[in-house]
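Numbering that gives the first Met the number 0 puts the sequence shown at residues 0 to 147.
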Amino acid sequence: MGTFVRDPAHWLYKFSPDQWISAALHEIRAAEAAFKAHNARAGLAGAKRAAGMALNAALIVVPNPAWGRSYIDHLSALSRERDVPEAVRAACQVLLENPSRGAPGGQVITLRTARSDERALEAARDVMAHAYAVVKRHAADHDDDKHE
Numbered sequence: 000m001g002t003f004v005r006d007p008a009h010w011l012y013k014f015s016p017d018q019w020i021s022a023a024l025h026e027i028r029a030a031e032a033a034f035k036a037h038n039a040r041a042g043l044a045g046a047k048r049a050a051g052m053a054l055n056a057a058l059i060v061v062p063n064p065a066w067g068r069s070y071i072d073h074l075s076a077l078s079r080e081r082d083v084p085e086a087v088r089a090a091c092q093v094l095l096e097n098p099s100r101g102a103p104g105g106q107v108i109t110l111r112t113a114r115s116d117e118r119a120l121e122a123a124r125d126v127m128a129h130a131y132a133v134v135k136r137h138a139a140d141h142d143d144d145k146h147e
C-alpha cells in the first residue's frame, strides 16, 4: 500500500489505520464498562466491534478481499486463516462462539460470569494486538524502503 488517502464515503477508508486502532481502543473501553455494568450483550458486541475495527486497520495496509466487509466477516475469515498465529485464530473463535443476542423468543439463557466476560475481552485484545502489529510492521517496512 502506498500513501493512505481518506475517502469519507468509503466504509474502510473513512479512517486511517491509526484512527481505526484508536476507535478500537475506545470501543474496547466501552465493552469493559458494559461488562462491569453487567450488560453482557453490549459488552460482547463491543468486544467484537473493537476487534473488527482493529482488523479494518490491518485490512487497509494488507488488503485481503477474503476478510469481507463486516467485523464478523473479518473475525470469521481470520479464524480460518493459516498465516496468523494460532492464538489469534483461537481469539477470533472465542468472539464468534459468544453470541451477542439470546435465542429468538428468549428461550435460551446464557449464564455469564466475570471469567467468561474477561475471556471475551482478552480475545478482543489479542485480535487488536495482532492488527496493531500488522499495521506497525507494515509502516516499519515502508520506513526501511525510504532509507535504502
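Just so you know, even glycine gets a beta-carbon here, dropped at the ideal spot from N, CA and C.
Taken in chain order, the complete alpha helix (DSSP H) segments of 4 residues or longer contained in the stretch 16-73 are 16-35, 39-60. With respect to the 9 angstroms criterion, Val87 and Pro16 are not classified as neighbours on the basis of their beta carbons. The beta-carbon separation of Tyr70 and Lys47, rounded to 6 angstroms, stays under the 8 angstroms limit for a contact. By the criterion of a C-beta distance shorter than 7 angstroms, Asn55 is surrounded in its chain by Leu11, Trp19, once the five residues flanking it on both sides are discounted. About 6 angstroms separates the beta carbons of Ala50 and Leu94, which is inside the 8 angstroms limit, making them a contact pair. The three-state reading of DSSP puts Tyr131 in helix, counting H, G and I together.
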